[in-house]
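S.K.: Quick one: the structure is below, questions incoming.
Number of protein chains: 2
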Amino acid sequence: MNNEFQDPKNLHYGIVGGGLVGALLAVVLAKKGYKTDVLERREDIRKTILEGGRSINLALSYRGLKALGMIGLADEVKKMCIPMYGRAVHDTGGEVRIMPYGINGEAINSISRDGLNRMLLAEADKSENINLYFHQRCENLDLNKKDITLKDELSGEITKKHYDIFFGADGAFSAARMSLMKTDKLNFTYNQSYLNHGYKELHIPPAENGGWLLEKNALHIWPRKSFMMIALPNMDGSFTCTLFLSLKGEVSFEKLHSDAEILSFFGQYFPDMISLMPDLLYHFNKNPTSSLATIKCHPWSFEDKMTLLGDAAHAIVPFYGQGMNCGFEDCYEMSNLIDMYPGDWRTIFEEFTAHRKPNSDAIADMAIRNFVEMRDLVADPEFILKNAIDKTIGKLFPEKWTPMYTMVSFTETPYAEAKMVGEAHDKILDTIVRKEGHDIGDRLANADIGKVLEKYIS
Amino acid sequence: MNNEFQDPKNLHYGIVGGGLVGALLAVVLAKKGYKTDVLERREDIRKTILEGGRSINLALSYRGLKALGMIGLADEVKKMCIPMYGRAVHDTGGEVRIMPYGINGEAINSISRDGLNRMLLAEADKSENINLYFHQRCENLDLNKKDITLKDELSGEITKKHYDIFFGADGAFSAARMSLMKTDKLNFTYNQSYLNHGYKELHIPPAENGGWLLEKNALHIWPRKSFMMIALPNMDGSFTCTLFLSLKGEVSFEKLHSDAEILSFFGQYFPDMISLMPDLLYHFNKNPTSSLATIKCHPWSFEDKMTLLGDAAHAIVPFYGQGMNCGFEDCYEMSNLIDMYPGDWRTIFEEFTAHRKPNSDAIADMAIRNFVEMRDLVADPEFILKNAIDKTIGKLFPEKWTPMYTMVSFTETPYAEAKMVGEAHDKILDTIVRKEGHDIGDRLANADIGKVLEKYIS
Chain S
49 MNNEFQDPKN LHYGIVGGGL VGALLAVVLA KKGYKTDVLE RREDIRKTIL
99 EGGRSINLAL SYRGLKALGM IGLADEVKKM CIPMYGRAVH DTGGEVRIMP
149 YGINGEAINS ISRDGLNRML LAEADKSENI NLYFHQRCEN LDLNKKDITL
199 KDELSGEITK KHYDIFFGAD GAFSAARMSL MKTDKLNFTY NQSYLNHGYK
249 ELHIPPAENG GWLLEKNALH IWPRKSFMMI ALPNMDGSFT CTLFLSLKGE
299 VSFEKLHSDA EILSFFGQYF PDMISLMPDL LYHFNKNPTS SLATIKCHPW
349 SFEDKMTLLG DAAHAIVPFY GQGMNCGFED CYEMSNLIDM YPGDWRTIFE
399 EFTAHRKPNS DAIADMAIRN FVEMRDLVAD PEFILKNAID KTIGKLFPEK
449 WTPMYTMVSF TETPYAEAKM VGEAHDKILD TIVRKEGHDI GDRLANADIG
499 KVLEKYIS
Chain G
49 MNNEFQDPKN LHYGIVGGGL VGALLAVVLA KKGYKTDVLE RREDIRKTIL
99 EGGRSINLAL SYRGLKALGM IGLADEVKKM CIPMYGRAVH DTGGEVRIMP
149 YGINGEAINS ISRDGLNRML LAEADKSENI NLYFHQRCEN LDLNKKDITL
199 KDELSGEITK KHYDIFFGAD GAFSAARMSL MKTDKLNFTY NQSYLNHGYK
249 ELHIPPAENG GWLLEKNALH IWPRKSFMMI ALPNMDGSFT CTLFLSLKGE
299 VSFEKLHSDA EILSFFGQYF PDMISLMPDL LYHFNKNPTS SLATIKCHPW
349 SFEDKMTLLG DAAHAIVPFY GQGMNCGFED CYEMSNLIDM YPGDWRTIFE
399 EFTAHRKPNS DAIADMAIRN FVEMRDLVAD PEFILKNAID KTIGKLFPEK
449 WTPMYTMVSF TETPYAEAKM VGEAHDKILD TIVRKEGHDI GDRLANADIG
499 KVLEKYIS
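Taken in sequence, the protein lines are chains S and G.
When we follow the working numbering, the leftmost residue of the first sequence carries the number 49, and every step to the right adds one.
When we follow the working numbering, the leftmost residue of the second sequence carries the number 49, and every step to the right adds one.
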């Protein structure tokens, strides 16, 4: 049956996945008066104490807040955040250099994934239009019949539910996406690839007095060229740390088995961490080593019946802090398209893929490139110099020049545009350094620097 | 339980898929005394009359025959073949130009996919070591427990079977491969992409006297730059034709709906076909428009429990006539590795991926490139000239120069090597044409041409 031209308030919507994106989308739909079921595989995280060990802290920035603003939650969420105004770059000697993220004191916001997810689920629970179902594993999604087969992970019971419209918001290893992969004639392009690096979560506890053992309002990085550690602040005074390291090779996770090997590795590369992490060995041995996947696919939707969004459509690596922000922006754009073409789901879904796919491809590529920037370049004098020139130009000529990081994190400039402009900027910065010489860095505070730089950007 | 160091004759092998590769592999294993079940989703094609409409004719060449030779079937199979010594290139005016494939009269062999599959199944049926099961859809493959869940497509019955070792030979849309995709920690890289072109099978009937309406011993091509038709001879005097055409756009399948549109398209681009295909409209309307996928993945195996092979590991487009040949060569190399490391399945599987993956990647890329060659370049004077020089050098200096097509189709040179050498050749051929001028074509039969060409290749 064709959904088009039916009053969308009379349809029944099934969202596969009740993570960040699924829960936000449910609230967005419910506010439009749409009856929505959220089908989540895991338990209700509001009722459990989480073990952690596999959730990179999230950095909420402009795009995510914009989407949360749609449902009136931006201010409440901000109370759960710790603003990080810049990178705190730690060298092996223990020296720390702060590199601001913005040019006007902007910050990205450290937030607990689970805390935010709980809040969104609670918000969804308040709505009469939303029903939440937990422990429901999607076993099969029949897009032609619009039936979903669910297995209750506790009871083993199999149920079949029918929805008019499906949203697949079930993450990188999406079961909903499998239904597209199995659909004949769709010519579903799919690409899943992994970095050679994996990651492991570690932990810096609060100070004895309850404060933070490192600068609270920064994202800490220990760049070591081919690998790195990062740390993001938590509200309780602790930091969640993540070690990103090659899975195989000379210096890699596969070489870190015994306690002695682990301690020797940290002693050599992160000597300051040993005193900061009294439970280093406990966490290192207990927490899994996880993988970093990038997933790209096309098309995201099938007729007027289903679309993917969030990680299910475009899983990216975490190095630009944009995975959640991009997924939330998906919800924002979906909301706009629904308002623009009410009830015309085929058009909504086609426009959604057409608008979002080039942008999610762009942020996927930028995120991989940012791994090199974080683990290596932030300690590179040439990069530091260009970064300073970039910011100086951005401050002097705000109408003409916005640094790429600012575009991505503090504006809603489409990612694809940010990438293109940022790449053009990078070439100009190379030219400036080549023509003006490396001592340009010393002249950035001079009164006439504007005249020097202006000729390169007009 | 670990399979290593157990006598491989005491293990039980499950092959998912009884198509060309699955059936050949079963016979190969059975000849080593290994007890093997073949689990095929479709009916037993030996008992049914096939409708056709979706099977590009196959071109059996050296690698495929080499593998069939292992099980003593090469000569019998050759009796089912029609040798094709070259391409017969048809222009819109009805002119035909023959371009030989080899430099010494070599041929590729037109064979019916189903005829060959029936023969291989019959051969498998002769062995006491093999059990064939049909109508068995693989619903799930649990690689840790080594259990496969099968659904009988006729009765609906679900059964679970246990094997010590699995082979996934179930084609481009492999269910066995899904088990790798779902395996945590494997970091399974997967890429599935489609050409913008689809294909549709058509049919030229035998002549009234029982002969062939076109030259029998050739692969016919009607190159039309962005699309093409091909025809391969069948034993009964007919030709199986395939139209390769863009799925969308100005000239495309989506523009060919009404009978008038179809006839107008053929009248414009393939005027000679209208009289050759009296049932053109019937076949065009009845036969599906199918897609052309390339699938690459890595790794192909999981521990010592399962490996993929054939299209399940590396589906390619058909334009080099190497899909089956590559799959059969997989069986040949698998057989050698089994003899080299008897019972050490982990090593066998790891070596198999290590050896075959670079070669299947290479033929996948060459096959896509050959589409351009077939639909466009075979009618291009520059290409025809270079092809003639290529063959002349190959004839004059057989120790130093083997044309790429010969390496791929008439030798067992690893595909990756053939690709690399062929690309180097192509640059040399460009240089020869640039330096010697286009009239080099007129001088290829001259007595001194060897001296002219030799300096470019030493």
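We put the CB at the ideal spot given by N, CA and C, even for glycine.
(1) Can you tell which of S:A107, S:V69, S:V86 and S:G81 has the C-alpha that lies nearest to the C-alpha of S:V456?
(2) Buried or exposed for S:S373, please, with buried defined as at least 16 other CB atoms from any protein chain shown within 10 angstroms of its CB.
(3) So for G:P366, helix, strand or coil by DSSP?
(4) Name the residue from G:A170, G:Y133, G:N177 and G:R166 whose alpha carbon lies nearest to the alpha carbon of G:N157.
(5) Helix, strand or coil: how does DSSP classify S:M468 here?
(6) Would you verify that the beta carbon of S:Y242 is, or is not, closer than 7 Å to some beta carbon of chain G?
(7) Please say whether S:K443 and S:I146 have beta carbons closer to each other than 7 Å?
(8) Drop a sphere of 10 angstroms on the beta-carbon of S:R272, count the other beta-carbons inside from all chains shown, and report buried for 16 or more, exposed for fewer.
(9) Count the C-beta pairs between the stretch 58 to 75 of chain S and the stretch 178 to 195 of chain S that are closer than 8 Å, then say yes if the count reaches three, no if not.
(10) So which residues of chain S does G:N494 contact, with C-beta pairs closer than 8 Å?
(11) Is the CB of S:S349 under 7 Å away from at least one CB in chain A?
(12) Excluding the 5 residues preceding and the 5 following S:T16 in the sequence, name in chain order all residues of the same chain whose CB lies nearer than 7 Å to its CB.
(13) Can you name, in chain order, every residue of its own chain whose Cβ lies under 6 Å from the Cβ of G:R434, other than the five neighbours on each side?
(14) State buried or exposed for G:P56, treating a residue as buried only when at least 16 other CB atoms are found within 10 Å of its CB.
(15) Taking the straight line between their C-alpha atoms, what separation do you get for G:A427 and G:V144?
(16) Verify the CB distance criterion: does G:S227 have a CB-CB separation below 7 Å to chain S?
(17) So is G:V64 in contact with chain S if we call contact Cβ pairs under 7 Å?
(18) Can you pull the DSSP bridge partners for S:V136?
(19) With three or more C-beta pairs closer than 8 Å as the rule, is the stretch 211 to 230 of chain S touching the stretch 72 to 91 of chain S?
(20) Would you kindly report the start and end of the unbroken alpha helix (DSSP H) that includes G:V69?
(21) Check this for me: beta carbons of G:A363 and G:I343, under 7 Å apart or not?
(22) What are the start and end residues of each continuous alpha helix (DSSP H) run of 4 or more residues lying completely inside the stretch 195 to 248 of chain G, in chain order?
(23) Is it the case that the stretch 80 to 87 of chain S contacts the stretch 172 to 183 of chain S, given that we only count it when at least three CB pairs across the two stretches are under 8 Å?
(24) Give the interface partners of S:T237 over in chain G, defined as CB-CB distance under 7 Å, in chain order.
(25) Any Cβ of chain G within less than 7 Å of the Cβ of S:S300?
(26) Could you tell me how far apart the beta carbons of G:L19 and G:Y247 are, in whole angstroms, since I believe they sit closer than 8 Å?
(27) At a Cβ cut of 7 Å, what residues of the stretch 334 to 348 of chain G count as close to chain S, listed as they run along the chain?
(28) Going by DSSP, which residues form a beta bridge with G:H346?
(29) Could you pull the start and end residues of the alpha helix (DSSP H) that G:H331 belongs to?
(30) What residues in its chain sit with their C-beta under 6 Å from that of G:M414, if we drop five residues either side in the sequence?
(31) Closest to S:A136 by CA distance: which of S:E263, S:K353, S:L356 and S:P336 is it?
(32) With H, G and I counted as helix, E and B as strand and the rest as coil, what does DSSP make of S:F182?
(33) Kindly indicate which three-state DSSP category G:E263 falls into: helix, strand or coil?
(34) For S:P462, which of helix, strand or coil comes out of DSSP?
(35) Excluding the 5 residues preceding and the 5 following G:T395 in the sequence, name in chain order all residues of the same chain whose CB lies nearer than 7 Å to its CB.
(36) Verify whether the separation of the beta carbon atoms of S:I93 and S:D162 is less than 7 Å.
M.R.: Let me lay it out:
(1) When C-alpha distances from S:V456 are compared across S:A107, S:V69, S:V86 and S:G81, the shortest belongs to S:A107.
(2) The sequence given here places Asn at residue 373 of chain S; Ser does not occur at that position. Around the CB of S:N373, 16 or more other CB atoms lie within 10 Å, so the residue is classed as buried.
(3) DSSP, reduced to helix, strand and coil, places G:P366 within a helical segment of the structure shown.
(4) Residue G:Y133 is the option with its Cα nearest to G:N157.
(5) S:M468 falls in the helix class under three-state DSSP.
(6) Chain G, which has a Cβ nearer than 7 Å to the Cβ of S:Y242, makes this yes.
(7) Taking 7 Å as the cut-off, the Cβ atoms of S:I146 and S:K443 do not count as close.
(8) With 16 or more Cβ atoms within 10 Å of its Cβ, S:R272 is classed as buried.
(9) Contact holds: three or more Cβ-Cβ distances are below 8 Å.
(10) Within chain S, no residue comes near G:N494; the closest Cβ sits about 51 Å away, beyond 8 Å.
(11) Chain labels in this structure do not include chain A; the protein chains are S and G.
(12) As shown, chain S starts at 49 and ends at 506. That puts residue 16 of chain S outside it, with no answer to give.
(13) It is worth fixing the name first, because residue 434 of chain G is Lys in this sequence and not Arg. Excluding residues up to 5 positions away in sequence, L477 lie with their Cβ nearer than 6 Å to the Cβ of G:K434 in the same chain.
(14) Burial of G:P56 is indicated by the presence of at least 16 other C-beta atoms within 10 angstroms of its C-beta.
(15) Spanning the two alpha carbons is a distance of roughly 11 Å.
(16) Taking CB atoms only, G:S227 has no neighbour in chain S less than 7 Å away.
(17) So no, G:V64 is outside the interface.
(18) Reading off the sequence shown, one finds Ala at residue 136 of chain S, where the question assumed Val. DSSP lists S:I146 and S:H268 as partners of S:A136.
(19) The stretch 72 to 91 of chain S vs the stretch 211 to 230 of chain S: in contact.
(20) Residue range L68 to K79 is occupied by the alpha helix (DSSP H) that includes G:V69.
(21) Against a cut-off of 7 Å, the Cβ pair of G:I343 and G:A363 comes out as a contact.
(22) Here the runs fully enclosed are 223 to 229.
(23) A contact exists between the stretch 172 to 183 of chain S and the stretch 80 to 87 of chain S.
(24) Listed along the chain, the chain G residues whose CB falls inside 7 Å of the CB of S:T237 are Q240, S241 and Y242.
(25) Chain G has no Cβ within less than 7 Å of the Cβ of S:S300.
(26) Nothing can be reported for residue 19 of chain G: it is not among the residues displayed for chain G, which extend from 49 to 506.
(27) Under the 7 Å Cβ criterion, the stretch 334 to 348 of chain G contributes S339.
(28) Beta-bridge annotation (DSSP): G:H346 is paired with G:T237.
(29) DSSP places G:H331 in the uninterrupted alpha helix (DSSP H) bounded by L328 to K334.
(30) Contacts found: Y368 and K467.
(31) Of S:E263, S:K353, S:L356 and S:P336, the residue nearest in Cα terms is S:E263.
(32) Coil at S:F182, not helix or strand.
(33) Residue state, collapsed to three classes: coil.
(34) In this structure, S:P462 counts as coil in the three-state DSSP scheme.
(35) Once the five neighbours on either side are set aside, the close Cβ partners of G:T395 are Y389.
(36) Between S:I93 and S:D162, the C-beta spacing is below 7 Å.
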